[in-house]
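**Student:** Quick note on numbering: the sequence shown equals residues 75 to 323 in this note's numbering. If you scroll down you'll find the structure; I have some questions about it.
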Amino acid sequence: MRRRPSLLLLCLLVLAGAGAPLRASGGLMASQAAQAYAEGRYAEAARLYTLMEGAGLEGAGVHYDLGNCYLKQGDLGRAILEYHRALLYDPSMKSAQHNLEVARRLLPARVARWEPSPWESLLSRVPVLWLEVLVLLLVFLGNGALCVALFLNAGRLRRALAAVVLASLVGAGIAGGLLAYARSVLPTHRPAVILKPASVYPRPDAAGQPMAVLPAGSEVVRIAQSEEWSLVLWGEGRGWTRSAAVGVP
Numbered sequence: 075m076r077r078r079p080s081l082l083l084l085c086l087l088v089l090a091g092a093g094a095p096l097r098a099s100g101g102l103m104a105s106q107a108a109q110a111y112a113e114g115r116y117a118e119a120a121r122l123y124t125l126m127e128g129a130g131l132e133g134a135g136v137h138y139d140l141g142n143c144y145l146k147q148g149d150l151g152r153a154i155l156e157y158h159r160a161l162l163y164d165p166s167m168k169s170a171q172h173n174l175e176v177a178r179r180l181l182p183a184r185v186a187r188w189e190p191s192p193w194e195s196l197l198s199r200v201p202v203l204w205l206e207v208l209v210l211l212l213v214f215l216g217n218g219a220l221c222v223a224l225f226l227n228a229g230r231l232r233r234a235l236a237a238v239v240l241a242s243l244v245g246a247g248i249a250g251g252l253l254a255y256a257r258s259v260l261p262t263h264r265p266a267v268i269l270k271p272a273s274v275y276p277r278p279d280a281a282g283q284p285m286a287v288l289p290a291g292s293e294v295v296r297i298a299q300s301e302e303w304s305l306v307l308w309g310e311g312r313g314w315t316r317s318a319a320v321g322v323p
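Here is the structure:
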């Protein structure tokens, strides 16, 4: 029995020791990437920052630096994608916000971004837990009012309780519909960036003429994916394009 704490301590020491080379390697790659960037070797710097991402050493700074590498190379689509990823880690990162706007202004062409309806925008700000609690409260209120009304004689109070029951059930139905939408539909709306010119088709195949060609750097919303195809929304329509051309932050 006395050996168990020692064994646990040994495991913790081994795990801690295993993380040290990874951190040291990450620091070395970061230094090499920064030097390559300073010397104008942007492709090499981007390669090193990408290796850091793959090694699990990503963060706001790594995505921001990688975005700068792509920006210097003129790869505006990937630059915009990396700035979005940096802002996911640190939404208040002013430098990433500024460079994102710079990259957007440099785009030679882009499509209008898709904007959700006002009620969808409002619903996305409401926590799902609040909707669940609202549904339960309305159901309990309706059932409670119904139970009380069953023991009352016909009269004004019973009619008032009947109105409460009806309003509660209707409200619970509406709240339940909003809850289902918030759970099943809103999570599928993933902001995305077009990384290279992408032809868009009405179905997930390349048969016939494309509906449109989305320029690199266009910011869209991906709502579905089928094998190598993605269904995207933009300000002027929706359609299927190849997933290889779509980057999701």
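Idealized CB from N, CA, C, for every residue including glycine. For clarity, every value in this text was computed on a predicted model and none was experimentally measured.
Rounded to whole angstroms, what's the CA-CA distance from GLY321 to GLU293? Just pull it up for me.
**Tutor:** Stepping through the sequence shown from its first residue, residue 321 is reached at position 247. Stepping through the sequence shown from its first residue, residue 293 is reached at position 219. Going by the C-alpha atoms only, they are around 10 Å apart.
**Student:** Who are the near neighbours of SER166 in its chain, counting only those whose CB is closer than 6 Å to its CB and skipping five residues on each side?
**Tutor:** To locate residue 166, count along the sequence shown from 1; it is residue 92. Counting only Cβ-Cβ distances below 6 Å, and skipping sequence neighbours, we find nothing.
**Student:** Quick check: the Cα distance between ILE268 and TYR144, rounded to an integer number of angstroms?
**Tutor:** Looking up residue 268 in the sequence shown gives position 194. Looking up residue 144 in the sequence shown gives position 70. C-alpha separation (whole angstroms): 14 Å.
**Student:** In three-state terms, what does DSSP make of GLY247?
**Tutor:** Sequence index remark: in the sequence shown, residue 247 carries index 173 (1-based). In the structure shown, GLY247 sits in a helix (DSSP, three-state: H, G or I).
**Student:** Excluding the five sequence neighbours on either side, which residues of its own chain have a C-beta within less than 7 Å of the C-beta of VAL222, listed in chain order?
**Tutor:** As a first step, residue 222 is located in the sequence shown; it is residue number 148 there, counting from the start. Cβ neighbours of VAL222 beyond the five flanking positions: LEU235.
**Student:** Would ILE297 and LEU307 be called neighbours here (beta carbons separated by less than 8 Å)?
**Tutor:** Residue 297 sits at position 223 when you count from the first residue of the sequence shown. Residue 307 sits at position 233 when you count from the first residue of the sequence shown. Going by C-beta atoms, ILE297 is nearer than 8 Å to LEU307.
**Student:** Tell me, to the nearest whole angstrom, how far the beta carbon of GLU310 is from that of ALA108; I am working on the premise that it is less than 8 Å.
**Tutor:** Here residue 310 corresponds to residue number 236 of the sequence shown, with the count starting at 1. Here residue 108 corresponds to residue number 34 of the sequence shown, with the count starting at 1. Not confirmed; about 41 Å, so no contact.
**Student:** Would you call the region 270-288 and the region 244-259 touching, i.e. three or more CB-CB distances under 8 Å?
**Tutor:** Because the criterion of three Cβ pairs below 8 Å is not met, the region 270-288 and the region 244-259 do not touch.
**Student:** Would you kindly check if the distance between the Cβ of ARG316 and the Cβ of GLU302 is under 8 Å?
**Tutor:** Against the sequence shown, residue 302 aligns to sequence position 228. Against the sequence shown, residue 316 aligns to sequence position 242. Against a cut-off of 8 Å, the Cβ pair of ARG316 and GLU302 comes out as a contact.
**Student:** Do TYR157 and ALA183 count as a contact pair if the criterion is CB distance below 8 Å?
**Tutor:** Taking the sequence shown and counting its residues from 1, one reaches residue 183 at position 109. Taking the sequence shown and counting its residues from 1, one reaches residue 157 at position 83. Going by C-beta atoms, ALA183 is not nearer than 8 Å to TYR157.
**Student:** Short check: CB of TYR163 to CB of ALA134, under 8 Å?
**Tutor:** Against the sequence shown, residue 163 aligns to sequence position 89. Against the sequence shown, residue 134 aligns to sequence position 60. In contact: TYR163 and ALA134 (Cβ atoms closer than 8 Å).
**Student:** With DSSP run on the structure shown, which of helix, strand or coil describes GLY216?
**Tutor:** On the sequence shown, residue 216 is found 142 positions in, with the first residue counted as 1. Correct three-state label for GLY216: helix.
**Student:** Please name the residue, chosen from LEU131, LEU174, VAL238, that lies closest to ARG152 on a Cα-to-Cα basis.
**Tutor:** Position 78 of the sequence shown holds residue 152. Ranking the options by Cα distance to ARG152, first place goes to LEU174.
**Student:** Kindly indicate the opening and closing residues of the beta strand (DSSP E) around GLY311.
**Tutor:** On the sequence shown, position 237 is the one that residue 311 refers to. Looking at the DSSP string, the run of the beta strand (DSSP E) that includes GLY311 is 311-316.
**Student:** Quick check on the DSSP output: the beta strand (DSSP E) that includes TRP303 runs from which residue to which?
**Tutor:** Along the sequence shown, one-based indexing puts residue 303 at 229. That run of the beta strand (DSSP E) goes 303-308.
**Student:** Tell me VAL320's beta-bridge partners as DSSP assigns them.
**Tutor:** Against the sequence shown, residue 320 aligns to sequence position 246. Answer is ILE268, bridged to VAL320.
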